[in-house]
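**Q** Handing you a structure now.
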Amino acid sequence: MREITIGQYIPGNSVIHRLDPRTKILITFAFMVLLFVIDDFAGYAFPLIFILVASLLSRISIKYMVRGLRPLVIIILLTFVLNLFMIKGRVIYEIGPFSITYEGLYQGTFMVLRLVLLIVGTSLLTLTTSPITLTDGIESLLKPFSKVGVPAHELAMMMTIALRFIPTLMEETDKIMKAQMARGADFSSGNIVKRAQNMVPLLVPLFISAFRRADDLAMAMESRCYRGGENRTRMKTLKMTHEDIFAFVATGFLAAGCLASRFLW
Amino acid sequence: MPIIVKNLTHVYMPGTPFESVALRDVNWNVEDGEFWGLIGHTGSGKSTLIQHLNGLLKPTSGEVIIDGVNINERGVNLREIRQKVGLVFQYPEHQLFEETVEKDVAFGPKNLGLPEEEVTRRVREALELVGLKYDEIKDRSPFELSGGQMRRVAIAGVLAMKPKVLILDEPTVGLDPRGRDEILRQIVRLREKQNMTVILVSHSMEDIAKLVDKIAVMHKGRMVESGTPRQVFKNYKALASIGLDIPQVTHLMIKLKEKGKNVATDVLTVEEAEAEILRAARGKGHA
Amino acid sequence: MAAEILAEGVCYRYSQAPDMALKDVDLRIRKGEFVAIIGPNGSGKSTLAKLFNGLFVPTKGKVTVDGLDTRDRDNVWKIRQKAGMVFQNPDNQIVATVVEEDVAFGPENLGVPPEEIRRRVDEALEIVELKDFAQKPPHLLSGGQKQRVAIAGIIAMRPDYIIMDEPTAMLDPVGRKEVINTVKRLNREEGKTIVLITHFMEEAVEADRVIVMSEGYVIMEGSPREIFSKVDKLKAIGLDIPQVTELAHRLRGRGLTIRNDVLTIDEMVECLCPLL
Chain A
129 MREITIGQYI PGNSVIHRLD PRTKILITFA FMVLLFVIDD FAGYAFPLIF
179 ILVASLLSRI SIKYMVRGLR PLVIIILLTF VLNLFMIKGR VIYEIGPFSI
229 TYEGLYQGTF MVLRLVLLIV GTSLLTLTTS PITLTDGIES LLKPFSKVGV
279 PAHELAMMMT IALRFIPTLM EETDKIMKAQ MARGADFSSG NIVKRAQNMV
329 PLLVPLFISA FRRADDLAMA MESRCYRGGE NRTRMKTLKM THEDIFAFVA
379 TGFLAAGCLA SRFLW
Chain B
23 MPIIVKNLTH VYMPGTPFES VALRDVNWNV EDGEFWGLIG HTGSGKSTLI
73 QHLNGLLKPT SGEVIIDGVN INERGVNLRE IRQKVGLVFQ YPEHQLFEET
123 VEKDVAFGPK NLGLPEEEVT RRVREALELV GLKYDEIKDR SPFELSGGQM
173 RRVAIAGVLA MKPKVLILDE PTVGLDPRGR DEILRQIVRL REKQNMTVIL
223 VSHSMEDIAK LVDKIAVMHK GRMVESGTPR QVFKNYKALA SIGLDIPQVT
273 HLMIKLKEKG KNVATDVLTV EEAEAEILRA ARGKGHA
Chain C
71 MAAEILAEGV CYRYSQAPDM ALKDVDLRIR KGEFVAIIGP NGSGKSTLAK
121 LFNGLFVPTK GKVTVDGLDT RDRDNVWKIR QKAGMVFQNP DNQIVATVVE
171 EDVAFGPENL GVPPEEIRRR VDEALEIVEL KDFAQKPPHL LSGGQKQRVA
221 IAGIIAMRPD YIIMDEPTAM LDPVGRKEVI NTVKRLNREE GKTIVLITHF
271 MEEAVEADRV IVMSEGYVIM EGSPREIFSK VDKLKAIGLD IPQVTELAHR
321 LRGRGLTIRN DVLTIDEMVE CLCPLL
């Protein structure tokens, strides 16, 4: 579990950490789109340099970010292998009915590079932005759409509560599991069906407790005058600074490079 | 079935930045049929210690020997150990999951692979041991019972395994005085009837003082005191320094003694204090 | 406008329950008081607490907070701002993932301007002595600390009354002391009116006034001394009495001349010294 670095936040106070979450979300989004604009290897130079600079500024080691790829190795390999064998063209090597083509090799490598950049780029967002700030950013970005029925505040509140209660529920799971093990339960052996059945003594109490907590929390929120997002103020208002402007300018250059690589070269 | 804890040390998440030592070199002998109170603050290591006694946690170093067997050796059947050493967690009612009381209490014995009739017999016996009437309660949903009843059903769920040692982690937390007294009374009765070894984890000295034969005090992962309540309370200054209170009446007698009054200080209950003060007062011609 | 919480002839029945959980309760909580409400489980004390800030509305009778009737839906937010509530389970009332953000939750809901929220949050954390924990995630705090965060969250709403529904029931003795010391300070230094619901007698002893509930009725009301001197009556409804109070009661029964309203060890020592 501790191997998974995607989605984990590493506290810090670097320029990248300090950026407005909205800036980071928008840039990450732009970054993802631009990756799909690029259509040859040379074009990758731009996002590669962009990531490199950003991660140097964030003071989070590249090694740490690359470690985030580990749980996704299978998907990356699969992408490579599928491209390798599925694409028709000049044959380089044959294994039985399968043939590896030059085009396949090119396309496979190309796709893997895109995927890796995609993962590393997005993980840079979550590594440098605390979940709560991220939520604030999403809420603020979605706010203009609340007029057309996007429940921006509600979504953000749901995310906040989920984040708040993940550790509590993990602890609870551990406790119930141990309590049932003390009564002879076994969570680790048997086939899939048996194992699923064995989860009942864990899941039922867990759900009951989650509902009880929800009930309590709703009452506590109500008595603290919570009544949805209307007329609500925030202690910390998001503010863009010159650093954010700089980040957007840098992203502008990235976009220019990527677009140029596709349409001009 | 004696329990011997030898040089037990437990480290959580060793080798990570979150590493923390929960137990340091704990030694403890629990003899057959003894009634122990285990006391200490949250985070003192009590919970970690008791989870070693049925193999839910493995020692980082040291040994837990139950009935002459080191339970962490290869080939030891932990399920068998968990049957012999019954552990009731805090808020045990939060582990209930079945539709009926009967099915829930039967969970443990069924896991032991016992035949149907034996399971039913044990369920009946366990429910009656905690003061619930089998025929009245067996078909009810555990979730429609009162808090105190739910807790007793959950305790019955452990008793139905017929453990030789019963460990209860704060069985009275969150109950009102009546519910608390009821549970404690059941535990005393249970011990007398089944001749079990009982380990009671508690925060309340006043509850423990009048019940147990021996007290062990945990502080920052170490066992800092162990002995009879009278022995342990003698060191009330040491207890106070780690923020543990002694019963009010014991404290009263100590204060009287400090004022130069001729009273015994080793009282544990209101009744004993009453007798001792009356004795002293009569000596002075009062009462 | 009267500065008090007033319950007049209040009855409350839960939906689908056959019986009233509260029966004809008349009570007055005056501004500045520290009132403890004690009673066994099911005596109606938690129900009463939830009527004080409009979470529940009386089935019969009425509750007013500073003259505002809780039955009037237009008053509900004003009442909840005036009468803050702290609940039993410390885990289930903290909303945010960072301590100071949670304290800010109430004022944010009230629409307080950002700089003012900042000021209130800092002040509230100062009062509950958790300033150093402002940036911590709540799940790493002890039970007593979490409960103090919850209290800070209420203080930041600037209520006059703080109603606490068994805030110490799930805490260990250290946490209990932390919370009770905070409560005492709130009453004595910050002038907050406190309604503390508890079944720990050593906490009720600290109050100015104790209200005893049983089976939905208010059965006794008075200073801690008056209440705890009625040892037999309290025992009969299943409540605890401080050990020394019980001892004094027993010794009196055996013919020793001791006051019947002893509450602390030191008072008992004083009473006994001339006799031994």
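Protein chains in written order, with my numbering: chain A, 129 to 393; chain B, 23 to 309; chain C, 71 to 346. Don't be surprised by glycine CBs; every beta carbon is placed ideally from N, CA and C.
Would you please verify whether the beta carbon of threonine 64 (chain B) is less than 8 Å from any beta carbon of chain C?
**A** To locate residue 64 (chain B), count along the second sequence from 1; it is residue 42. Threonine 64 (chain B) counts as touching chain C.
**Q** Can you look up leucine 290 (chain B) in the DSSP assignment and give me helix, strand or coil?
**A** Mapped onto the second sequence, residue 290 (chain B) falls at position 268. It is coil, neither helix nor strand.
**Q** Tell me the DSSP secondary structure of leucine 79 (chain B) in three-state form.
**A** Sequence index remark: in the second sequence, residue 79 (chain B) carries index 57 (1-based). Coil.
**Q** Could you tell me if aspartate 50 (chain B) is buried or exposed, where buried requires 16 or more neighbouring beta carbons within 10 angstroms of its beta carbon?
**A** Your numbering for residue 50 (chain B) matches position 28 in the second sequence. A small fix is needed here, since residue 50 (chain B) is tryptophan in this sequence, not aspartate. Tryptophan 50 (chain B) is buried by the Cβ-count criterion.
**Q** For chain B, find out if any of its Cβ atoms is closer than 8 Å to the Cβ of isoleucine 132 (chain A); answer yes or no.
**A** Start at 1 with the first residue of the first sequence, and residue 132 (chain A) comes out as number 4. Residue placement at isoleucine 132 (chain A) is flagged as unreliable, the pLDDT there being 47, under the threshold of 50; the coordinate-derived value follows with that caveat. Chain B, which has no Cβ nearer than 8 Å to the Cβ of isoleucine 132 (chain A), makes this no.
**Q** Kindly indicate which three-state DSSP category lysine 300 (chain C) falls into: helix, strand or coil?
**A** If you number the third sequence from 1, residue 300 (chain C) lands on position 230. In this structure, lysine 300 (chain C) counts as coil in the three-state DSSP scheme.
**Q** Could you tell me whether the region 144-158 of chain C touches the region 192-201 of chain C, using the rule of 3 or more Cβ pairs below 8 Å?
**A** Touching, no.
**Q** Does chain B have any CB closer than 8 Å to the CB of isoleucine 335 (chain C)?
**A** By one-based count along the third sequence, residue 335 (chain C) stands at place 265. By this cut-off, isoleucine 335 (chain C) is an interface position.
**Q** Sort B:Glu85, B:Asn133, B:Leu274 and B:Thr122 by Cα distance to tyrosine 156 (chain B) and report the nearest one.
**A** To locate residue 156 (chain B), count along the second sequence from 1; it is residue 134. Answer by Cα proximity: B:Thr122.
**Q** Assuming valine 165 (chain C) and phenylalanine 175 (chain C) make a contact with CB atoms under 8 Å, what is their CB distance in whole Å?
**A** For this step, residue 165 (chain C) is matched to residue 95 along the third sequence. For this step, residue 175 (chain C) is matched to residue 105 along the third sequence. The pair is a contact, with the Cβ atoms about 5 Å apart (cut-off 8 Å).
**Q** Go ahead and label asparagine 211 (chain A) buried or exposed: buried means 16 or more other beta carbons lie within 10 angstroms of its beta carbon, across all protein chains shown.
**A** Sequence index remark: in the first sequence, residue 211 (chain A) carries index 83 (1-based). By the neighbour-count rule (16 or more Cβ atoms within 10 Å), asparagine 211 (chain A) is buried.
**Q** Mind pulling the chain A residues with CB within less than 8 Å of glutamine 73 (chain B)?
**A** Taking the second sequence and counting its residues from 1, the one referred to as residue 73 (chain B) is at position 51. Chain A residues near glutamine 73 (chain B): Lys306.
**Q** Quick one: grab the DSSP three-state call for glycine 179 (chain B).
**A** To locate residue 179 (chain B), count along the second sequence from 1; it is residue 157. In the structure shown, glycine 179 (chain B) sits in a helix (DSSP, three-state: H, G or I).
**Q** Going by beta carbon distance, what residues of the same chain come within less than 6 Å of serine 274 (chain A), once the five residues before and after it are set aside?
**A** What you label residue 274 (chain A) is simply residue 146 of the first sequence in a count that begins at 1. Taken in chain order, the residues that qualify are Ala280.
**Q** Helix, strand or coil for alanine 220 (chain C) per DSSP?
**A** Along the third sequence, one-based indexing puts residue 220 (chain C) at 150. Correct three-state label for alanine 220 (chain C): helix.
**Q** Could you check where the alpha helix (DSSP H) with tyrosine 258 (chain B) kicks off and where it finishes?
**A** In the second sequence, counting from the first residue as 1, residue 258 (chain B) sits at position 236. Here the alpha helix (DSSP H) through tyrosine 258 (chain B) covers 258-263.
**Q** Could you give the first and the last residue of the continuous alpha helix (DSSP H) run that contains isoleucine 328 (chain C)?
**A** Within the third sequence, residue 328 (chain C) is the residue found at index 258, counting from 1. Element bounds for isoleucine 328 (chain C): n/a, residue is neither H nor E.
**Q** Measure from the alpha carbon of leucine 184 (chain A) to the alpha carbon of each residue in A:Glu222, A:Gly140, A:Phe226 and A:Leu154, then state which is nearest.
**A** For this step, residue 184 (chain A) is matched to residue 56 along the first sequence. It is A:Gly140.
**Q** To be precise: take each residue of the region 308-340 of chain C, compare its Cβ to all Cβ atoms of chain B, and keep it if any distance is under 7 Å. Which residues remain?
**A** From the region 308-340 of chain C, only Gly308, Leu309, Asp310, Pro312, Gln313, Val314, Glu316, Leu317, Arg320, Leu321, Arg324, Gly325, Leu326, Ile335, Met338 and Val339 have a Cβ closer than 7 Å to chain B.
**Q** Within this structure, are the beta carbons of serine 131 (chain C) and glycine 79 (chain C) separated by less than 8 Å?
**A** Position 61 of the third sequence, counted from the first residue, corresponds to residue 131 (chain C). Position 9 of the third sequence, counted from the first residue, corresponds to residue 79 (chain C). According to the sequence displayed, residue 131 (chain C) carries glycine and not serine. Yes.
**Q** Going along the region 93-109 of chain B in order, which residues come within less than 8 Å of chain A, judged by CB to CB distance?
**A** Listed in sequence order: Arg101, Arg104, Gln105, Gly108 and Leu109.
**Q** Could you name the residues of the region 182-196 of chain B whose beta carbon sits closer than 7 Å to any beta carbon of chain A, in the order they occur along the chain?
**A** Here the close residues are Met183.
**Q** Which residues bound the alpha helix (DSSP H) around alanine 284 (chain A)?
**A** Locating residue 284 (chain A) in the first sequence gives position 156, counting from the first residue. First-last of the alpha helix (DSSP H) with alanine 284 (chain A): 280-310.
**Q** Is the region 172-183 of chain A touching the region 372-386 of chain A, taking contact as three or more C-beta pairs under 8 Å?
**A** Contact between the region 172-183 of chain A and the region 372-386 of chain A is present, because at least three Cβ pairs lie under 8 Å.
**Q** Can you tell which of C:Ile307, C:Asp94 and C:Thr268 has its C-alpha closest to the C-alpha of tyrosine 82 (chain C)?
**A** The sequence position of residue 82 (chain C) within the third sequence is 12, counting from 1. Taking only the C-alpha atoms, the option nearest tyrosine 82 (chain C) is C:Asp94.
**Q** Give the C-beta separation of threonine 219 (chain B) and glycine 65 (chain B) to the nearest angstrom, bearing in mind that I take them to be a contact with Cβ-Cβ under 8 Å.
**A** Here residue 219 (chain B) refers to the residue found at position 197 when the second sequence is read from its first residue. Here residue 65 (chain B) refers to the residue found at position 43 when the second sequence is read from its first residue. Not quite, the Cβ-Cβ distance comes to about 26 Å (not below 8 Å), so this is no contact.
**Q** Between glutamate 296 (chain B) and arginine 320 (chain C), what straight-line distance do the alpha-carbon atoms span, to the nearest angstrom?
**A** Within the second sequence, the letter at position 274 stands for residue 296 (chain B). Within the third sequence, the letter at position 250 stands for residue 320 (chain C). When rounded, the distance between both Cα atoms is 7 Å.
**Q** In or out: valine 239 (chain B) buried (at least 16 other Cβ within 10 Å) or exposed?
**A** Numbered from 1 along the second sequence, position 217 holds the residue referred to as residue 239 (chain B). Under this definition valine 239 (chain B) is a buried residue.
**Q** Starting from threonine 134 (chain C), trace the beta strand (DSSP E) in both directions and tell me its first and last residue.
**A** Walking along the third sequence from the start, residue 134 (chain C) turns up at place 64. First-last of the beta strand (DSSP E) with threonine 134 (chain C): 130-135.
**Q** Going along the chain, which residues of its own chain have a beta-carbon closer than 6 Å to the beta-carbon of threonine 287 (chain B), five neighbours each way excluded?
**A** Counting from one through the second sequence, the residue named residue 287 (chain B) turns up at place 265. Hits under 6 Å: Met275, Ile276 and Lys279.
**Q** Using only the alpha-carbon positions, how far apart do arginine 130 (chain A) and serine 186 (chain A) sit?
**A** Against the first sequence, residue 130 (chain A) aligns to sequence position 2. Against the first sequence, residue 186 (chain A) aligns to sequence position 58. The pLDDT assigned to arginine 130 (chain A) is 42, lower than 50, so where the model puts this residue is not dependable, and the model offers no usable value.
**Q** Would methionine 368 (chain A) and arginine 188 (chain C) be called neighbours here (beta carbons separated by less than 8 Å)?
**A** By one-based count along the first sequence, residue 368 (chain A) stands at place 240. By one-based count along the third sequence, residue 188 (chain C) stands at place 118. The answer is no: Cβ separation not under 8 Å.
**Q** Where do the N-terminal and C-terminal ends of the beta strand (DSSP E) with leucine 345 (chain C) fall, by residue?
**A** Position 275 of the third sequence holds residue 345 (chain C). Here leucine 345 (chain C) belongs to no beta strand (DSSP E), and DSSP marks it neither H nor E.
**Q** Does the count of Cβ pairs from the region 300-307 of chain B and the region 224-237 of chain C closer than 8 Å reach three?
**A** Taking 8 Å as the limit for Cβ pairs, the verdict is that the region 224-237 of chain C does not touch the region 300-307 of chain B.
**Q** For arginine 104 (chain B) and methionine 309 (chain A), which I take to be in contact (beta-carbon distance under 8 Å), what is that distance rounded to the nearest angstrom?
**A** Taking the second sequence and counting its residues from 1, one reaches residue 104 (chain B) at position 82. Taking the first sequence and counting its residues from 1, one reaches residue 309 (chain A) at position 181. Confirmed, Cβ separation roughly 7 Å.
**Q** Looking at C-beta atoms only, is the number of pairs between the region 226-246 of chain C and the region 176-187 of chain B that lie closer than 8 Å three or more?
**A** These segments do not touch.
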